[in-house]
Ligand SMILES: NC(=O)c1ccc[n+]([C@@H]2O[C@H](COP(=O)([O-])OP(=O)(O)OC[C@H]3O[C@@H](n4cnc5c(N)ncnc54)[C@H](O)[C@@H]3O)[C@@H](O)[C@H]2O)c1
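In my numbering, the protein residues as written are -12 to 392.
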């Protein structure tokens, strides 16, 4: 199905960004929220994204107005009646999202797609709130959507292949990079990101290095931001929620460091609340963090293991291997997702190719040694063990997660 008429429900941070992405690709969009002031705020956000392009000389003021003219706003859901696709971006609450889905189901034409931008909720459960579960799908944009290229396409249990194809074609028409991700807690990117962020928090508790020193080492490795700057930017409250969802689904290997809760209790949510791992404005180091980290360490009974790049990065490799084993995604898409979604250094070509270049025997040895030292978080993925036993060691044997000529 050719998708032309679009709607976005929820004009907050993500909804407005998504509407901007749609208009940037030249498609019209109807932006809905419950009150006019929220819609107006969304419109301001869209205009400010375009205004920055004008300031940088990437677009004329005329073009800006033409793009803005592609957005219609409303507070009446019925106005979305003619849409080919509606993307829901209301707050992350299952009951609220189900209500929105059920209402839209009664309003939209029978072939229209109902998509959710949820970060963690079940697409299958959202589909069950409608009479068209085959046309319900997850379209997970990343913040800020006008910059981030990646979109996770997540079919639920009942989503039809045709809907997946339509969603892929639609996201490509938005000039984004879609990857197909089978439904699981955290989908792909958050599932790979959180164990790494969590391990960095444990390192901080163990106190061998401060937040700034760890951030700097990660940036030197080639990621666009250090872990603590990233959490402060994304929102520590949101990261903590995702971490808890993952822990509930995957158990011991995702047990969150106590430091998350300590910071949350102090309302240190990151940049938006004036403090997180750093204090804002300015992103300054803060002695209170050290005290919180020490108190978290005594709760976690953390030892005194030093921060090491392999300690935090191998968490991602291990989780990627679990994802591969569970067929959450393909090796190619996992690596694409890492580069396009997390800014993993392009020259390393993604986390699995990075593991292949280290050698999977070395990865397994290190995971095993961390497992003895630090416990369940490092239980090596069975896939890695099997590959090593079969001599699939990566580039050096020309076969690993990928084959090499
Ligand atoms: N912020 C992020 O970094 C991020 C990234 C990826 C995905 N997401 C997901 O996107 C969704 C939206 O997140 P956000 O950060 O934009 O939230 P937000 O709070 O900024 O915006 C939510 C908007 O929805 C509106 N809303 C509430 N109830 C509504 C209803 N019944 N009908 C229509 N609009 C309604 C609110 O008025 C608000 O404007 C969530 O599911 C979140 O998990 C967020």
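Just so it is clear, CB atoms sit at the ideal spot from N, CA and C, and this is done for glycine as well.
Query raised in the report: Under 8 Å from any heavy atom of ligand 1, does the C-beta of residue 227 make it?
Result: No, since every heavy atom of ligand 1 falls outside the 8 Å radius drawn around the Cβ of residue 227.
**Report entry** Inter-stretch contact (C-beta, 8 Å, three-pair minimum) for the region 95 to 103 and the region 54 to 71
**Finding:** With a cut-off of 8 Å, the region 54 to 71 and the region 95 to 103 count as touching, because enough Cβ pairs lie within range.
Query - Top-ranked residue by Cα proximity to residue 202, from -10, 187, 192, 83 - result: Restricting attention to -10, 187, 192, 83, the CA atom closest to the CA of residue 202 is found in 187.
Query raised in the report: What did DSSP end up calling residue 165 once you bin it into helix, strand or coil?
Result: In this structure, DSSP gives residue 165 an extended state, which the three-state scheme calls strand.
Query raised in the report: When the Cα atoms are used, what is the spatial distance from residue 301 to residue 331?
Result: About 14 Å.
Requested in this report: For the beta strand (DSSP E) containing residue 117, list its first residue and its last residue.
Outcome: No beta strand (DSSP E) holds residue 117; DSSP gives it neither H nor E.
Query raised in the report: Are there 16 or more other CB atoms within 10 angstroms of the CB of residue 269, so buried, or fewer, so exposed?
Result: Classification of residue 269: exposed, given that the 10 Å Cβ count is below 16.
Query raised in the report: Using the beta-carbon count (16 or more within 10 Å), is residue 146 buried or exposed?
Result: Flag for residue 146 reads buried.
Query raised in the report: For the putative contact between residue 110 and residue 124, defined by C-beta atoms under 8 Å, what is the C-beta separation to the nearest angstrom?
Result: Going by Cβ atoms, the distance from residue 110 to residue 124 rounds to 7 Å, so yes, they are a contact pair.
Query raised in the report: Quick one: complete beta strand (DSSP E) runs, 3+ long, within the region 15 to 84?
Result: The region 15 to 84 contains these whole beta strand (DSSP E) runs: 16 to 19, 58 to 61, 72 to 75.
Requested in this report: Kindly examine ligand 1 and report whether one of its heavy atoms sits closer than 8 Å to the Cβ of residue 105.
Outcome: At a cut-off of 8 Å, the beta-carbon of residue 105 counts as near ligand 1: some heavy atom of the ligand is closer than that.
Query raised in the report: Do the region 287 to 304 and the region 345 to 363 meet, that is, are 3 or more Cβ pairs less than 8 Å apart?
Result: Cβ pair count under 8 Å is three or more, so yes.
Query raised in the report: When the distance is taken between beta carbons, is residue 165 closer than 9 Å to residue 140?
Result: Here residue 140 is near residue 165, since their CB atoms are less than 9 Å apart.
Report task. Would you check whether ligand 1 has a heavy atom nearer than 8 Å to the C-beta of residue 136? Result -> Distances from the CB of residue 136 to the heavy atoms of ligand 1 are all 8 Å or more.
Query raised in the report: Since residue 105 is in the alpha helix (DSSP H), which residue starts that stretch and which ends it?
Result: Bounds of any alpha helix (DSSP H) do not take in residue 105, whose DSSP letter is neither H nor E.
Query raised in the report: Do residue 51 and residue 32 have their C-beta atoms closer together than 9 Å?
Result: For the 9 Å CB-CB criterion, residue 51 and residue 32 do not form a contact.
Report task. Using three-state DSSP, classify residue 218 as helix, strand or coil. Result -> In this structure, residue 218 counts as helix in the three-state DSSP scheme.
Query raised in the report: The alpha helix (DSSP H) with residue 127 in it runs from where to where?
Result: Residue 127 -> not in any alpha helix (DSSP H); beta strand (DSSP E) instead, spanning 123 to 128.
Query raised in the report: residue 479: which of 238, 95, 288, 264 sits nearest, CA to CA?
Result: Residue 479 is absent from the model: the chain starts at -12 and stops at 392.
Query raised in the report: Whose CA, out of 224, 242, 8, lies closest to the CA of residue 253?
Result: Here the closest residue by C-alpha is 224.
Query - CA nearest to the CA of residue 374, picked from 334, 311, 323 - result: Ranked by how close their Cα comes to the Cα of residue 374, the residues 334, 311, 323 have 311 in first place.
Query raised in the report: Quick one: what's residue 271 bridged to in DSSP?
Result: Residue 271 pairs with 266.
Query raised in the report: Would the beta-carbon of residue 7 be found less than 8 Å away from any heavy atom of ligand 1?
Result: The closest heavy atom of ligand 1 lies 8 Å or more from the beta carbon of residue 7.
Query raised in the report: Taking the alpha carbon of residue 14 as the point to measure from, which residue in -5, 29, 28, 1 has its own alpha carbon closest?
Result: Cα-wise, what sits closest to residue 14 is -5.
Query - Minimum C-alpha distance to residue 174 - residue among 1, 325, 44, 391 - result: Nearest C-alpha to residue 174 among 1, 325, 44, 391: 325.
Query raised in the report: Would you say residue 29 touches ligand 1, meaning its beta carbon is less than 8 Å from a heavy atom?
Result: For residue 29, the shortest C-beta to heavy atom distance toward ligand 1 is below 8 Å.
Query raised in the report: Is any heavy atom in ligand 1 found nearer than 8 Å to the beta carbon of residue 1?
Result: With a threshold of 8 Å, the Cβ atom of residue 1 counts as near ligand 1, since some heavy atom of the ligand is closer than that.
Query raised in the report: Roughly how many whole angstroms lie between the Cα atoms of residue 367 and residue 205?
Result: Rounded to whole angstroms, the gap between the alpha carbons of residue 367 and residue 205 is 23 Å.
Query raised in the report: What are the boundary residues of the beta strand (DSSP E) that residue 467 is part of?
Result: Outside the shown range of the chain (-12 to 392) lies residue 467, about which nothing can therefore be said.
**Report entry** 6 Å CB neighbourhood of residue 209 in its chain, flanking five on each side removed
**Finding:** Cβ-Cβ distances below 6 Å link residue 209 to 332 in the same chain, with the five nearest sequence neighbours on each side left out; the list follows chain order.
**Report entry** Separation of residue 168 from residue 17, as counted between CA atoms
**Finding:** In a straight line, the C-alpha of residue 17 is about 27 Å away from that of residue 168.
Query raised in the report: When you compare each of 248, 87, 296, 0 to residue 196 by their alpha carbons, which one comes out closest?
Result: Residue 196 has its Cα closest to that of 296, out of 248, 87, 296, 0.
Requested in this report: In the DSSP assignment, find the beta strand (DSSP E) that holds residue 139 and state where it starts and stops.
Outcome: Start and end: 137 to 142.
Query raised in the report: Name the DSSP beta bridge partners of residue 101, please?
Result: For residue 101, which the question treats as bridged, DSSP gives the partners 73, 123.
Query raised in the report: Can you name, in chain order, every residue of its own chain whose Cβ lies under 6 Å from the Cβ of residue 342, other than the five neighbours on each side?
Result: Taking residue 342 as the centre and dropping the five residues before and after it, the same chain places the C-beta of 304, 350 closer than 6 Å to its C-beta, in chain order.
Requested in this report: Give me the Cα-Cα distance between residue 83 and residue 77, rounded to the nearest whole angstrom.
Outcome: Cα to Cα, residue 83 sits roughly 8 Å from residue 77.
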